[in-house]
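Taking my numbering, the leading residue of the sequence shown gets 7, the next gets one more, and so forth. Backbone N, C-alpha and C define an ideal beta-carbon position, used for all residues, glycine too. As the structure is a computational prediction, the values presented were derived from the model and not from experiment. Comments concern the structure below.
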Amino acid sequence: MRKQLSKWMNYIDDETPLSDLIIPGSHDCGTCNDTKEWNLFGRLFNFTGRCQDRHFNIYDQLLAGIRYLDIRVRLNKHDTLINCHGICTTGLTIKDIFKQVKQYITHYPTETILLYIQHEYVFKPKYTDEILVNKLNEAIISTKLNENLIFCSEIPKLGDCRGKVILYSPCKFKWDIPTMPSNGQWESYKCKCTKKDLEYKKKILLESAKESYNSKVMYVNQVNSIGSLPILRFIPYPYRFYNKIKDYLYNIFIFMDMKGVVQLDFAVQNNLLYYLINRNFEKYAKDTSTE
Numbered sequence: 007m008r009k010q011l012s013k014w015m016n017y018i019d020d021e022t023p024l025s026d027l028i029i030p031g032s033h034d035c036g037t038c039n040d041t042k043e044w045n046l047f048g049r050l051f052n053f054t055g056r057c058q059d060r061h062f063n064i065y066d067q068l069l070a071g072i073r074y075l076d077i078r079v080r081l082n083k084h085d086t087l088i089n090c091h092g093i094c095t096t097g098l099t100i101k102d103i104f105k106q107v108k109q110y111i112t113h114y115p116t117e118t119i120l121l122y123i124q125h126e127y128v129f130k131p132k133y134t135d136e137i138l139v140n141k142l143n144e145a146i147i148s149t150k151l152n153e154n155l156i157f158c159s160e161i162p163k164l165g166d167c168r169g170k171v172i173l174y175s176p177c178k179f180k181w182d183i184p185t186m187p188s189n190g191q192w193e194s195y196k197c198k199c200t201k202k203d204l205e206y207k208k209k210i211l212l213e214s215a216k217e218s219y220n221s222k223v224m225y226v227n228q229v230n231s232i233g234s235l236p237i238l239r240f241i242p243y244p245y246r247f248y249n250k251i252k253d254y255l256y257n258i259f260i261f262m263d264m265k266g267v268v269q270l271d272f273a274v275q276n277n278l279l280y281y282l283i284n285r286n287f288e289k290y291a292k293d294t295s296t297e
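Right under this line is the structure:
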């Protein structure tokens, strides 16, 4: 039976370690925002920074089954913590994103959301990590996300973190919080759309899937890559890479033994999301025979 993707964790056994699940993730989740809200560079060259469909905001992505959000932030000249992707800014603030996360987890208390926050900048910032963390804390409190926020130094069981948002693995800045063990940073996102790079990415994805199955940490399978234009290959084009690799993903993620986060570009655009989620029911579905 096709489960409701909006609350798919509701059908998973409480004793399941979170890291044993296949968890769909949204790479650069904030790039879903409407193009007209982006900065000038982002409006002119939107294809270089967009990694998610503009028809699915953060709340919609969570409704579709996403449970891992990759969020990129920096402070602007007005000291506002904004969402960005490289030189592009999306028009969203961190509070905009946190509000949608809070709205979702309030409506669906059987679910768990993982937040991965990365400090992304073009030029070396003039502000300190302490200022950045203070702004994050302000946003967490003002959106009341603190009511659902937990920190984990070990991998929790699903039953212990339902209705919760787990903040972990801050990247490129110092934040003294407990964090779940993970497989660290990755380099395969730099792949372009050349035949050589595509074959290399397929190899990495295959190795990653195999490695994740035996992993004892929160493993992140990084599907996304920057891609490139057909001729000017130094110009990123994530959607073109996604189109070239998407069919291959079915062979890896639907038929292989694997687990962990699967971080996707244009995550809500095809049936792969459903199939990834459905695989969790093969091993970890709740026993409803006594209900």
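Identify whether residue i lies in helix, strand or coil by the three-state DSSP scheme.
i: Tyr290; result: helix
i: Tyr122; result: strand
i: Met262; result: coil
i: Leu238; result: coil
i: Ile283; result: helix
i: Cys158; result: coil
i: Asp182; result: coil
i: Ile18; result: strand
i: Gly233; result: strand
i: Cys177; result: strand
i: Lys130; result: coil
i: Lys163; result: strand
i: Met7; result: At Met7, the pLDDT of 40 sits below 50, so the modelled position is not reliable; the number obtained from the coordinates is stated separately. Three-state DSSP puts Met7 in coil, outside helix and strand.
Please list, in chain order, all residues of the same chain as residue i whose beta carbon is under 6 Å from its beta carbon, the five residues on each side excluded.
i: Arg239; result: Lys198
i: Ile100; result: Val79, Leu87, Ala145
i: Asp263; result: Tyr219
i: Pro176; result: Ile123
i: Ser25; result: Ile161, Met224
i: Phe104; result: Ala145, Thr149, Leu151
i: Arg246; result: Cys199, Gly233
i: Thr54; result: Pro242
i: His91; result: Asp34, Thr37, Gly55, Arg78
i: Asp185; result: Per the sequence shown, residue 185 should be read as Thr rather than Asp. Only Tyr174, Ser175 meet the Cβ criterion.
i: Lys69; result: Here residue 69 turns out to be Leu, not Lys, going by the sequence shown. Cβ within range, chain order: Ser12.
i: Asn45; result: Thr95
For the alpha helix (DSSP H) holding residue i, just list the boundary residues, first then last.
i: Lys208; result: 201-219
i: Tyr256; result: 244-259
i: Asn52; result: 52-55
Leaving out five residues before and five after residue i in sequence, what residues of the same chain have Cβ atoms less than 7 Å from its Cβ?
i: Lys302; result: No answer is possible for residue 302: it lies beyond the span of the chain, which begins at 7 and ends at 297.
i: Glu21; result: Lys163, Gly165
i: Thr41; result: Arg49, Asn52, Arg60
i: Lys292; result: Tyr17, Ile18, Asp19
i: Tyr254; result: Lys208
i: Tyr248; result: Asp271, Phe272
i: Pro23; result: Ile161, Lys163
i: Phe47; result: Ile93, Cys94
i: Leu235; result: Ile241, Tyr243
Under the assumption that residue i contacts residue j (Cβ atoms under 8 Å), give the Cβ distance between them as a whole number of angstroms.
i: Gln6; j: Cys38; result: Since the first and last residues shown for the chain are 7 and 297, residue 6 lies out of range.
i: Ile260; j: Tyr281; result: 5 Å
i: Pro244; j: Asp203; result: Going by Cβ atoms, the distance from Pro244 to Asp203 rounds to 13 Å, so no, they are not a contact pair.
i: Gln269; j: Tyr74; result: 7 Å
i: Asn140; j: Tyr195; result: With a Cβ gap of about 29 Å, Asn140 and Tyr195 do not count as contacting.
i: Leu81; j: Tyr133; result: 5 Å
i: Leu211; j: Ile258; result: 5 Å
i: Leu121; j: Val171; result: 6 Å
i: Phe157; j: Leu173; result: 6 Å
i: Asn63; j: Gln106; result: 7 Å
i: Asn154; j: Ile111; result: 5 Å
Could you pull the start and end residues of the beta strand (DSSP E) that residue i belongs to?
i: Val139; result: It is not in any beta strand (DSSP E) - Val139 instead sits in the alpha helix (DSSP H) that spans 135-148.
i: Gly169; result: Here Gly169 belongs to no beta strand (DSSP E), and DSSP marks it neither H nor E.
i: Gln58; result: That residue, Gln58, is in no beta strand (DSSP E); it is neither H nor E in DSSP.
i: Ser32; result: 28-32
i: Asn227; result: 226-228
Within its chain, find whatever has a CB closer than 8 Å to the CB of residue i; leave out the 5 residues flanking it on each side and keep chain order.
i: Thr116; result: Lys13, Met15, Asn16, Arg168, Gly169
i: Ile72; result: Pro30, Gly31, Ser32, Cys35, Ala273, Val274, Leu279
i: Ser221; result: Ser25, Asn189, Lys265, Gly266
i: Ile283; result: Lys9, Leu11, Trp14, Ile28, Pro30, Gly71
i: Tyr256; result: Leu278, Tyr281
i: Asp76; result: Gly31, Ser32, His33, Asp34, Cys35, Tyr122, Gln124, Gln269
Are the C-beta of residue i and some C-beta of chain B separated by less than 8 Å?
i: Tyr74; result: Note that chain B does not occur in the displayed structure, where there is just one protein chain.
Any chance you could list the beta strand (DSSP E) runs of at least 3 consecutive residues sitting entirely within the region 68-121, in chain order? 74-81, 87-91, 94-99
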